[in-house]
Structures are given as structure tokens and as C-alpha cells.
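My numbering puts the first residue of the sequence shown at 7, with every later residue one more than the last.
Just so you know, even glycine gets a beta-carbon here, dropped at the ideal spot from N, CA and C.
None of these values were measured; they are calculated from a predicted model.
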Amino acid sequence: MAEVLELRKQKIFLGDYDYKADIENRIHFSQLSLKDLEVLEEICCSSLRVSVQEIQTNLHLTHSELENALAKLEKIHLFERTQDILLVDKQKRKIIEFYLELFEEDSFGMEYLKTLLKKIPIHLLPIWYLLSKSVNNIFEGIVEKYLKKPHLYLRHIKSLQLDDPILQAIKEKLFQTSEYKLYFEDLKKEFNLSDEKLHEMLLLLEFYLVGILNYEKTTQGFVQVLTPYPELRKYLLFTRSIKLSSNIKPLREESFAFVRDMELILKESKKSKMEASSLRSSVELKPQSLQLLAKRLKLDLNDHVKAYFNLIATKLVLFELAKIADGQLLCENVDYFLKKNLEDRAIFCFRHLKNTFVTFEGPKEMLNEKNVKECEKSIVPVLDLGWVDFTSFTKILTIGLNEKPSIELTQVGRKLTYQYPSYMDEEIHLVKTTFFEHLFAAGLINCGDAKNPQCFIVTEFGRSVFGD
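So this is what it looks like as C-alpha cells:
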């Protein structure tokens with residue numbers, strides 16, 4: 007049944023509820039000044055029967071300032087005025103408080119979404135969000151299906167194809183901006199839309215879980231902005247806080263350098279003595295062999311390059327492409343390996359059953375398949391960022407290691423928010439080994455030279471593997 011549901015296209019129809027009242031309220035709110043909003047908040051915080059004089063005294067306003075504000079606020083039908091007494095509608099006040107949250111600098115979008123969904127007849131929500139009829143809690147079902155983890159949420163947004171080309175364009179534009187926000191007035195001009203029509207479109211985007219209309223405070227008042235839901239936007243900005251590096255020289259310029267250099271060592275071992283020794287679980291090439299390889303590749307023979315060649319030699323032995331005998335590295339039956347193209351060789355290294363992490367110095371029990379898969383997935387947020395400093399990268403890790411949960415929406419008090427995990431030194435070391443040994447050997451990343459050994463960049467092959 008779940009597979010059938012996935013084949014259906016999500017379709018939101020605003021006509022299923024009184025959406026025009028929502029649009030009207032949004033337009034009224036967009037016209038409020040700072041003083042108007044101050045008066046509105048005071049009314050909402052007061053008793054259901056409040057005097058105009060009391061509001062004026064509390065806010066230190068002149069009579070004309072307050073009267074101007076009340077004239078605007080009458081349009082939202084929050085209160086009835088009898089001379090100098092305001093009689094506040096309790097149900098309407100709840101609705102207004104719902105909108106007021108959007109003026110808060112640190113608003114919680116999931117709470118807003120929960121309230122927004124309550125406006126829709128409950129029997130329609132499973133249809134709107136392609137949920138199973140057996141789901142017990144509609145909102146929890148939506149969270150589980152679309153929002154629980156950031157990568158799940160982003161996959162939903164990426165795969166969402168909206169029938170209206172303008173709506174689709176706004177969606178794509180939102181996630182291409184550096185700050186993940188679009189100004190209402192700019193959108194109105196760009197797409198030649200009326201206030202009513204643009205508000206209708208943004209309301210649709212809210213129901214599609216793409217974005218939310220907020221109010222940004224300026225010296226002149228509030229301006230309307232479209233952003234992703236705050237929880238997702240914080241995550242996206244968090245991942246962008248990573249330190250990017252420029253003018254980095256890679257250890258090896260060529261793509262699939264590791265498997266190319268595996269071939270070089272295998273061929274050199276056939277032509278001349280490749281002196282080496284076996285040290286515990288690793289192989290160490292002798293100085294003469296290292297100098298020969300460095301000369302062939304026109305590399306300076308520093309410690310970084312030595313470690314690189316020794317890692318290749320170790321992997322050759324692990325993959326049974328070579329062996330250590332009589333103090334030499336001797337190639338085994340390698341024709342089948344050398345006949346593979348570079349991509350197939352990389353996949354061979356990545357999936358080999360005897361592959362292990364040679365440079366990992368932490369507890370061996372951490373080297374399990376689940377942990378390694380989580381480490382591999384951690385690369386997804388930086389696929390297109392260019393050269394990345396690994397130390398900075400560790401600050402945006404959100405994976406689950408050693409039975410700890412990865413980042414996910416969690417109830418904290420009354421609010422749902424993404425909870426970020428913390429890591430021990432050996433867990434960071436495991437991620438580093440996964441990158442600079444495992445992913446590098448498979449051609450999925452390239453790493454910097456001796457001057458920048460902590461930097462890496464995802465290769466074109468890596469983006470194709472992890473990009474879906």
C-alpha cells in the first residue's frame with residue numbers, strides 16, 4: 007500500500023476550506039505599523055473587556071496614535087467597541103495570536119503548521135498528504151513521512167513538482183538564495199502578481215511544506231518575507247556556516263587518482279624491485295621505492311606523500327592484488343583488475359569484502375557497517391560546496407553513531423525542533439578515516455596536498471553517488 011501511495015502526486019486544494027479569510031487576514035497584517043502591532047499585542051494580552059484609556063496609559067500613546075491604530079485593527083474583527091470599551095472575541099483572539107507568532111524573530115514553524123492544519127477538515131488531510139488511512143495522528147504522520155529528518159524534508163521539497171509554473175519557480179528560487187529568503191514585494195514585481203494572488207500562492211507553499219510567510223523587522227516597520235519553515239532554515243544556515251577553503255592544491259590532480267596509482271605501483275613492481283615490509287596491518291614501502299614512485303608522479307616526497315603510497319600498498323595487499331614476500335611487494339593475479347575502467351576499479355575498492363580502515367586507531371567495535379554508512383552519508387550537505395576544511399566540517403555533523411540518533415525533529419517542551427547530536431573524539435576520528443581513506447580510495451573525494459592535508463572536495467563521481 008505504501009508503494010502505491012508514493013506513486014500518487016500530492017495535490018493541495020485551497021477550496022477545501024475558507025482560505026479567503028486567511029488571505030484577508032494576511033493582507034490586513036501586512037499593513038500594520040510597529041505601533042499598530044504594539045497595540046494589537048496589548049489587546050491580546052489584556053482581559054476580554056479592556057478600556058481604551060488603559061491601553062493608552064500602558065503604551066504611552068497619544069490619543070490620535072491609539073485611535074489611528076484601532077481604526078486599522080477594526081478590520082480584523084478582533085473586538086467590538088462600545089464607546090471607550092473594547093470587547094474582545096475570545097476565539098478570534100486565538101486566531102490573531104496564531105498570526106502574531108510570525109512576527110517573532112525566533113518563531114517555531116512546526117507549531118504554526120500544526121495550527122494551520124487544524125483549519126482543514128480532518129478527513130481531507132490524509133488525501134492532501136498521501137497518508138495511510140490507518141494513521142492514528144495526522145500531524146505525527148506528516149512529520150514522520152516528510153519532516154522527521156532534514157534529508158527527508160529536503161528530498162520532499164526537491165521531488166515536489168507543482169503544476170503552476172510560477173509556484174514552482176518561487177519554490178526553486180527560495181532554495182537558491184544565500185539566506186534562504188525572498189521578499190514579498192520583490193516576488194510581486196518579478197511575477198507581476200496582485201497581493202491577493204501572491205498571498206494565495208504563499209499559502210499553498212505553506213501547505214506543501216515548502217516555506218512560510220514571516221515578518222522581518224526593519225527601522226520602518228515590518229516587511230513580508232518567504233523563508234523555509236524556521237526549523238529547516240536553521241539547519242540549512244547551520245550547514246552553510248562551514249569554513250570553505252580556496253586555492254587548495256590537491257594531493258593528486260587526476261580523477262580516480264588512488265586507483266590510477268594502484269596501477270602504477272602494480273606495474274612498477276613487475277618492472278623493478280618494490281622493497282617493502284609488513285607492519286601489523288599495514289605495509290611500509292622502503293625509501294628507494296618511495297622515491298621511485300614520487301619521481302614517476304612528479305611529487306615532493308614529504309610525509310603526506312609517503313603515507314599516501316603506503317596506504318595504496320596496504321590496500322593492494324588487503325585486496326589480494328599484491329603480497330609481501332622476501333622483503334618485496336609482488337603483484338598477484340591483477341589482469342582482471344587492470345581490465346576494469348577507473349569507475350569500476352573505484353567501486354571494487356569501495357565494496358571489497360576485505361576492505362578495512364587501516365588508519366583508524368579507535369575501538370574496533372566502532373568499525374561496524376551501520377557506523378560506516380552513517381559516516382559516508384555525512385558528506386551529503388557539502389556535495390556542491392567545493393573545498394572544505396575537515397575540522398570545520400565536523401561542527402555540522404548530524405549523523406547517528408554508536409546507537410545515538412541522528413538529527414531529527416524532537417519534542418522539547420511544547421516545541422518541535424531539530425536536535426543536534428554531539429560526538430566523542432574517536433567518533434570524529436572514524437568520520438575522518440572514512441573520508442580520507444575509504445572515500446578517497448574510491449574516488450569519491452579528493453584531498454589536499456601536504457600544505458592542506460585536512461581539506462577535501464567531493465568529486466564528480468562522489469556527487470553522482472551521494473547526490474540522490
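C-beta contact flag for residue i and residue j at 8 Å
i, j, result
"residue 438", "residue 396", "yes"
"residue 393", "residue 254", "yes"
"residue 75", "residue 45", "yes"
"residue 449", "residue 423", "no"
"residue 315", "residue 299", "yes"
"residue 105", "residue 218", "no"
"residue 402", "residue 163", "no"
"residue 263", "residue 291", "no"
"residue 79", "residue 24", "no"
"residue 413", "residue 429", "no"
"residue 336", "residue 328", "yes"
"residue 310", "residue 257", "yes"
"residue 374", "residue 436", "no"
"residue 114", "residue 236", "yes"
"residue 322", "residue 268", "yes"
"residue 367", "residue 445", "no"
"residue 307", "residue 297", "yes"
"residue 351", "residue 289", "no"
"residue 73", "residue 61", "no"
"residue 354", "residue 443", "no"
"residue 100", "residue 83", "no"
"residue 206", "residue 33", "no"
"residue 147", "residue 137", "yes"
"residue 132", "residue 22", "no"
"residue 270", "residue 302", "yes"
"residue 234", "residue 186", "yes"
Buried versus exposed call for residue i [16 or more other C-beta atoms within 10 Å across all chains shown]
i, result
"residue 410", "exposed"
"residue 286", "exposed"
"residue 225", "exposed"
"residue 183", "exposed"
"residue 243", "exposed"
"residue 384", "buried"
"residue 341", "exposed"
"residue 447", "buried"
"residue 86", "exposed"
"residue 216", "buried"
"residue 173", "buried"
"residue 193", "buried"
"residue 51", "exposed"
"residue 19", "exposed"
"residue 462", "buried"
"residue 189", "exposed"
"residue 177", "buried"
"residue 275", "buried"
"residue 11", "Confidence is the limiting factor: at residue 11 the pLDDT is only 39, short of 50, which leaves the residue's position unreliable, though a coordinate-based value still follows. The residue in question, residue 11, is exposed, as its Cβ has fewer than 16 Cβ neighbours within 10 Å."
Where residue i sits in the DSSP three-state scheme
i, result
"residue 424", "strand"
"residue 37", "coil"
"residue 286", "coil"
"residue 161", "helix"
"residue 64", "helix"
"residue 225", "coil"
"residue 467", "helix"
"residue 204", "helix"
"residue 45", "helix"
"residue 13", "Any reading at residue 13 must be qualified, since the residue scores a pLDDT of 44, below 50, and its modelled position is unreliable; no value is offered."
"residue 218", "strand"
"residue 85", "strand"
"residue 106", "helix"
"residue 136", "coil"
"residue 373", "coil"
"residue 389", "coil"
"residue 250", "strand"
"residue 194", "helix"
According to DSSP, residues forming a beta bridge with residue i
i, result
"residue 432", "BP columns for residue 432 are empty, so no partner."
"residue 395", "461"
"residue 454", "256"
"residue 56", "92"
"residue 418", "421"
"residue 231", "189 and 220"
"residue 291", "282"
"residue 72", "Residue 72 pairs with nothing; no bridge assigned."
CB contact below 8 Å: residue i versus chain B
i, result
"residue 176", "Chain labels in this structure do not include chain B; a single protein chain is all it has."
Residue i: CB within 7 Å of a non-hydrogen atom of the ligand COA
i, result
"residue 121", "With respect to small molecules bound, the structure shown includes none, and the ligand COA cannot be examined in it."
Beta strand (DSSP E) segments (min. 3 residues) lying fully within the segment 306 to 342: With a minimum length of 3 residues, the continuous beta strand (DSSP E) runs that stay inside the segment 306 to 342 are 328 to 331 and 334 to 337.
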